[in-house]
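Inspection log for the structure reproduced underneath, given as structure tokens.
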Amino acid sequence: MQLSIVIPLLNEEESLTELYNWIVSVMQSNSYSYEIIFIDDGSTDGSWKTISNLAVQDVNVKGIKFNRNYGKSQALHAGFLEALGDVIITMDADLQDNPEEIPELYDLIQKEHFDLVSGWKKKRYDSVLSKNLPSKLFNAAARKTSGVKLHDFNCGLKAYRKEVIKNIDVYGEMHRYIPVLAKNAGFSNITEKEVKHQARKYGKTKFGMDRFINGFLDLISIWFLSKFGKRPMHLFGALGVLMFFLGFSAAAWIGISKLYKLYHQLPNILVTQNPWFFISLILMVIGTQFFLAGFLGELILRSRRDTERYLISKTTGIQ
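Listed below in structure tokens is the structure:
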């Protein structure tokens, strides 16, 4: 199979049939073998009924329904597990992503051998203050922190080589950082393609300003995990040893100073009256805690077991 189109959605009943027809038109005009995987992330409207009807009409349509809203990352994770195509395309269900971009994205993966191609919505039809400006700041921070030179990390329209999505783990709210996850997994042949952004035709956006706050927090998390996620002792252990050494050195200096003054009968004060005593004590305690945190992190990594992160209540068109 050449293409898997993975579409996470939440309450997009009005746009689904139109999006399906548009995708099928593109697929047929290019003679692709394909599948369309809709992941209903806990919709409360008639989205699942529409997906079920499409699956009955077309064997190329598959549907996965979550029992509640788990988030876009979990929806993509479920879709990636099911995808069979050599190239996987992700896109949003709100008709703001243009299916006419798919052939060029497919060629960039198959003919030019990129691992991942990310869409870049250079011209946007969103609010400048609530979405465009925060998005620019977010993308600038993501480029600086991750080293992945993309203009638009948030664009839902992306193309992946099959090996990429089968070897990365999309969890939490990390869907924004799939290019970074791919790079960390060794898939560094990443590029971007300018794509058309269309004004929303039905409904309203499901994302508010909180997604940018969460995005920056996730950016810090992914930077930390990429640096120390597999070796927490390298960070916490080093900090612990350094702080304990500083505290021990201060305590030793206090002890030597005390003995020296006693021996030479110089004016002296109690050890507990010396502020450096408490500083050294705190440094040694914190250093020990950091070291134990690193040690416990290593133990957790070695004993971690995968757990289910979402519950699927229904499927359609899936063998």
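Heads up: the sequence shown begins at 175 in my numbering, then just goes up one per residue.
A virtual CB, placed ideally from N, CA and C, is assigned to each residue, including glycine.
Query raised in the report: Which first and last residues belong to the alpha helix (DSSP H) in which Asp281 is found?
Result: 276-284
Report task. Answer yes or no: do Thr490 and Ile225 have a C-beta to C-beta separation smaller than 8 Å? Result -> yes
Requested in this report: Give the C-beta separation of Asn272 and Lys357 to the nearest angstrom, bearing in mind that I take them to be a contact with Cβ-Cβ under 8 Å.
Outcome: Not quite, the Cβ-Cβ distance comes to about 26 Å (not below 8 Å), so this is no contact.
Query raised in the report: With distances taken from CA atoms, which of Tyr437, Lys296, Gln176 is nearest Lys285?
Result: Gln176
Query raised in the report: Do you know offhand how far Val445's Cα is from Phe419's?
Result: 19 Å
Query raised in the report: Ile443 by DSSP, collapsed to three states: which one?
Result: coil
Query raised in the report: Hey, quick one: how far does the alpha helix (DSSP H) through Glu187 stretch, first residue to last?
Result: 187-203
Query raised in the report: Expressed to the nearest angstrom, what Euclidean distance is found between the alpha-carbon atoms of Gly330 and Val233?
Result: 25 Å
Query raised in the report: Secondary structure at Val180, three-state DSSP: helix, strand or coil?
Result: strand
Query raised in the report: If we count the other Cβ atoms within 10 Å of its Cβ and call it buried at 16 or more, is Trp427 buried or exposed?
Result: exposed
Report task. Just mark His349 as buried or exposed, buried being the case when its beta carbon has 16 or more other beta carbons within 10 Å. Result -> buried
Query raised in the report: Helix or strand or just coil, what does DSSP make of Asn218?
Result: Looking at the sequence itself, residue 218 is Thr, so the reference to Asn does not match. It is coil, neither helix nor strand.
**Report entry** Beta-ladder partner(s) of Thr365, from DSSP
**Finding:** Val291
**Report entry** Beta-ladder partner(s) of Phe212, from DSSP
**Finding:** Ile181, Gly237
Query - DSSP bridge partner residues for Thr489 (one or two, in chain order) - result: Ile238
Report task. Pick out whichever of Met265, Phe312, Ser217, Glu368 has its Cα sitting closest to the Cα of Arg242. Result -> Ser217
Query raised in the report: DSSP beta-bridge partners for Val322?
Result: Val322 is not bridged to any residue.
Query raised in the report: Given a threshold of 16 other Cβ atoms within 10 Å of its Cβ, counted over all protein chains shown, does Ile210 qualify as buried or as exposed?
Result: buried
Requested in this report: Spell out a yes or no on whether the region 252-263 and the region 309-323 are touching, meaning 3 or more CB-CB pairs, one atom from each, closer than 8 Å.
Outcome: no
Query raised in the report: In whole angstroms, what separates the C-alpha of Asp326 from that of Val338?
Result: 19 Å
Query raised in the report: Between which two residues does the beta strand (DSSP E) carrying Ile342 extend?
Result: Per DSSP, Ile342 belongs to no beta strand (DSSP E) and is neither H nor E.
Query raised in the report: Starting from Tyr434 and walking both ways along the alpha helix (DSSP H), at which residues does that stretch end?
Result: 412-437
Query raised in the report: Buried or exposed: where does Asp343 fall if 16 or more other Cβ atoms within 10 Å of its Cβ makes it buried?
Result: exposed
**Report entry** Through-space distance from Asn448 to Ser292, alpha-carbon basis
**Finding:** 60 Å
Report task. Determine contact between the region 450-464 and the region 184-192, defined as no fewer than three beta-carbon pairs at a distance below 8 Å. Result -> no
Query - Candidates Ser423, Ser431, Leu433: closest to Leu457 by CA position - result: Ser423
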